[in-house]
Amino acid sequence: MMRSTIGLGVAAAAMLAATSLTAETIKMQAEEPGSSIYLYAGLFEAVIEKATDLDIEIIPRGGSVANTAATSMGKTDFGFANGLPVAWGAAGILDFEGKKQENNRLVFSGMQVAYLVAAGASEYVEKSGADTVAAALTGDDPVKVLVEPTGSINPVVLDLYLKSQGTDLDAHRDAGHVVQVPSSQMGQRVQDGFANGIFTQGPIGNPDLTEVMLAEPMTFLTWSESDLAAMKDVGYVAATMPAGSYDGQDADYTAPAALNDMIVNKDVDEEVVYQVTKAIIENQDELAAANQAFATWDPEAFIQPDYHVVPLHPGAERYYRERGWLK
Numbered sequence: 008m009m010r011s012t013i014g015l016g017v018a019a020a021a022m023l024a025a026t027s028l029t030a031e032t033i034k035m036q037a038e039e040p041g042s043s044i045y046l047y048a049g050l051f052e053a054v055i056e057k058a059t060d061l062d063i064e065i066i067p068r069g070g071s072v073a074n075t076a077a078t079s080m081g082k083t084d085f086g087f088a089n090g091l092p093v094a095w096g097a098a099g100i101l102d103f104e105g106k107k108q109e110n111n112r113l114v115f116s117g118m119q120v121a122y123l124v125a126a127g128a129s130e131y132v133e134k135s136g137a138d139t140v141a142a143a144l145t146g147d148d149p150v151k152v153l154v155e156p157t158g159s160i161n162p163v164v165l166d167l168y169l170k171s172q173g174t175d176l177d178a179h180r181d182a183g184h185v186v187q188v189p190s191s192q193m194g195q196r197v198q199d200g201f202a203n204g205i206f207t208q209g210p211i212g213n214p215d216l217t218e219v220m221l222a223e224p225m226t227f228l229t230w231s232e233s234d235l236a237a238m239k240d241v242g243y244v245a246a247t248m249p250a251g252s253y254d255g256q257d258a259d260y261t262a263p264a265a266l267n268d269m270i271v272n273k274d275v276d277e278e279v280v281y282q283v284t285k286a287i288i289e290n291q292d293e294l295a296a297a298n299q300a301f302a303t304w305d306p307e308a309f310i311q312p313d314y315h316v317v318p319l320h321p322g323a324e325r326y327y328r329e330r331g332w333l334k
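Residue numbers for the sequence shown follow the working numbering, so the first one is 8 and each next one is one higher.
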């Protein structure tokens, strides 16, 4: 009996070893260790490996632009990326000028939501009547708007918006309507009277916006439907920041938003993408217990067509249709 039991144990161990050797390894490109995306990848790895037979290999480098390119080229299977570079890659514009990244597909979206906020000093808005983004930035009495220095994404986005209005960042900078300073100096510039507005993006609690609003009461400027459409062309989606997200913000604020996405190469097996999607969505509580950011994530809302910067992968789409989240 003992020999038989030992024999069965050896056989079982051999079977487990064989299974581990044949388990499919999936590459997932994150960012550098210490980044929030690297932490997300570690949580995803644990959840996916627990729920499936897949092995996850995290690639601990990159960023949204690099991950967009690496995923499209098949150097990684999955990648975390901001929706802006994903859209730019699909269109072959900006960082991807003339080099379309056409092989990316969406798995899920909205893990982080970065709202694009344009705000003017309340005194300026009341006096000028310029309460829309277009009027405050390009009207007869334009705001002196704070934006980060060249190298940040914010001046790039401001230039894109101004071009949609028939002008550009260089013209506004030359006219003295743009004040480019590091985040640490923004509040002081408002206090000293060198600026009376801000153009910035970030999640709720954006420290740059919070600091400026402490220095001077600010009014959020309204984005028109044509503004939202123009920004959608460069990868933004329209999203609503709830009232009360900032002190003095008494109403919901609809603005262009950049979403944090997980993308996948179109040639990754449909069943693999289905399993990954199912594992993450059905273990959101476990993710939220480890990282509070996932507690407010609404995956059903953010996989609706209005939020797609590239098409859904068929494996992800199959799961969402099974859940009844897509018609």
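The beta-carbon is built from N, C-alpha and C at its ideal position, and this holds for glycine as well.
Owing to the predicted nature of the structure, the values given are computational and were not obtained by experimental measurement.
With DSSP collapsed to three states, give me the class of R180. If you number the sequence shown from 1, residue 180 lands on position 173. In the structure shown, R180 sits in a helix (DSSP, three-state: H, G or I).
Host alpha helix (DSSP H) of F309 (start-end):
As a working mapping, residue 309 is identified with position 302 in the sequence shown. From DSSP, the alpha helix (DSSP H) with F309 extends over 306 to 309.
Inter-residue spacing [alpha-carbon to alpha-carbon] between Y281 and N89: Numbered from its first residue, the sequence shown carries residue 281 at position 274. Numbered from its first residue, the sequence shown carries residue 89 at position 82. Straight-line Cα distance between these residues: approximately 22 Å.
Problem set entry | N- and C-terminal bounds of the beta strand (DSSP E) containing Y314 | Translated into positions along the sequence shown, residue 314 becomes position 307. Run containing Y314: none; DSSP gives neither H nor E here.
Quiz item: Mind pulling the alpha helix (DSSP H) runs of 4 or more residues that sit fully within the segment 164 to 233?
Solution: Qualifying alpha helix (DSSP H) stretches, in chain order: 176 to 181, 190 to 198, 214 to 222.
ask   = Which residues bound the alpha helix (DSSP H) around S129?
value = Here residue 129 refers to the residue found at position 122 when the sequence shown is read from its first residue. In this chain, the alpha helix (DSSP H) harbouring S129 covers 129 to 135.
| field | Through-space distance from Y47 to V72, alpha-carbon basis | value | Working through the sequence shown from its first residue, we reach residue 72 at position 65. Working through the sequence shown from its first residue, we reach residue 47 at position 40. Those two C-alpha atoms are separated by around 18 Å.
Report yes or no: do the segment 229 to 244 and the segment 273 to 280 share at least 3 C-beta pairs separated by less than 8 Å?
Under the Cβ criterion (8 Å, minimum of three pairs), the segment 229 to 244 does not count as touching the segment 273 to 280.
Pop quiz: P210 and V120 are said to be a contact at Cβ under 8 Å. What is the actual Cβ separation, rounded to whole angstroms?
Locating residue 210 in the sequence shown gives position 203, where the first residue counts as 1. Locating residue 120 in the sequence shown gives position 113, where the first residue counts as 1. In this structure P210 touches V120 by the C-beta definition: roughly 6 Å separates them, less than 8 Å.
> Leaving out five residues before and five after I205 in sequence, what residues of the same chain have Cβ atoms less than 6 Å from its Cβ?
Replying inline: As a working note, residue 205 is residue 198 in the sequence shown. Closer than 6 Å at the Cβ level, and outside the excluded window around I205, lie A126, L153, V219.
Sequence ranges, alpha helix (DSSP H) only - wholly within the segment 43 to 120, length at least 4: Counting only runs of 4 or more, we get 43 to 58, 71 to 79, 90 to 98.
* Asked: Who are the Cβ neighbours of K338 in its own chain at under 8 Å, not counting the five residues just before and after it?
  -> Past the edges of the chain, shown from 8 to 334, lies residue 338, and the structure says nothing about it.
>> Just to confirm, is the Cβ distance from G381 to A142 under 9 Å?
In response: Not covered by the structure: residue 381. The range shown for the chain is 8 to 334.
TODO: Label F201 either buried or exposed according to how many other C-beta atoms from any shown protein chain fall within 10 Å of its C-beta, with 16 as the threshold for buried.
DONE: The sequence position of residue 201 within the sequence shown is 194, counting from 1. F201 counts as exposed, since fewer than 16 other beta carbons sit within 10 angstroms of its beta carbon.
Practice item. Might you give, ordered along the chain, the residues of its own chain that have their beta carbon closer than 6 Å to the beta carbon of P321, omitting 5 neighbours on each side? Key: Counting from one through the sequence shown, the residue named residue 321 turns up at place 314. Around P321: E277.
Do you know how far the Cα of L61 is from the Cα of L28?
In the sequence shown, the residue the question calls residue 28 occupies position 21. In the sequence shown, the residue the question calls residue 61 occupies position 54. Confidence is the limiting factor: at L28 the pLDDT is only 40, short of 50, which leaves the residue's position unreliable, though a coordinate-based value still follows. Whole-angstrom Cα-Cα distance: 11 Å.
Checklist entry - Looking at the unbroken beta strand (DSSP E) that takes in Q36, where does it start and where does it end? => result In the sequence shown, residue 36 corresponds to position 29, counting from 1. Annotation for Q36: the continuous beta strand (DSSP E) segment containing it runs 32 to 36.
Secondary structure of L319, DSSP reduced to three states
For the purposes of this step, residue 319 is taken as residue 312 along the sequence shown, with counting starting at 1. Looking at L319 - three-state DSSP - the assignment turns out to be strand.
Exercise. Is the shortest distance between the beta-carbon of G117 and the beta-carbons of chain B less than 9 Å?
Worked result: The chain inventory of the structure shown lacks chain B, comprising one protein chain alone.
Taking 8 Å as the limit between beta carbons, can you name the residues of its chain near P224, skipping five residues before and five after? In the sequence shown, counting from the first residue as 1, residue 224 sits at position 217. Contacts found: A128, S129, E130, G255.
- Task: Indicate the three-state DSSP secondary structure (helix, strand or coil) for N161 in the structure shown.
- Result: As a working note, residue 161 is residue 154 in the sequence shown. In the three-state reduction of the DSSP assignment, N161 falls in the helix class.
Tell me, please, which residues DSSP counts as bridged to N267.
By one-based count along the sequence shown, residue 267 stands at place 260. BP columns for N267 point to N89.
Sorted by chain position, which residues of the same chain lie with C-beta nearer than 7 Å to H315's C-beta, five sequence neighbours on each side aside?
Indexing the sequence shown from 1 puts residue 315 at position 308. Excluding its 5 nearest sequence neighbours in each direction, H315 has C-beta neighbours in its own chain below 7 Å: L113, listed in chain order.
Between the segment 49 to 61 and the segment 235 to 244, are three or more C-beta pairs nearer than 8 Å?
-> They do not touch, by the three-pair rule.
| field | Closest by C-alpha distance to P306, when choosing among E39, N203, N298, D268 | value | Translated into positions along the sequence shown, residue 306 becomes position 299. The shortest Cα separation from P306 among E39, N203, N298, D268 belongs to D268.
Beta-bridge partners of D248, as assigned by DSSP:
Reading the sequence shown from its first residue, position 241 is the one you call residue 248. It is Met, not Asp, that sits at residue 248 in the sequence shown. In the DSSP output, where bridge partners are listed per residue, M248 has Y260.
- Message: My assumption, with CB atoms under 8 Å, is that R196 sits in contact with V188. Please give the rounded CB distance.
- Response: On the sequence shown, position 189 is the one that residue 196 refers to. On the sequence shown, position 181 is the one that residue 188 refers to. Contact holds; Cβ gap of about 6 Å.
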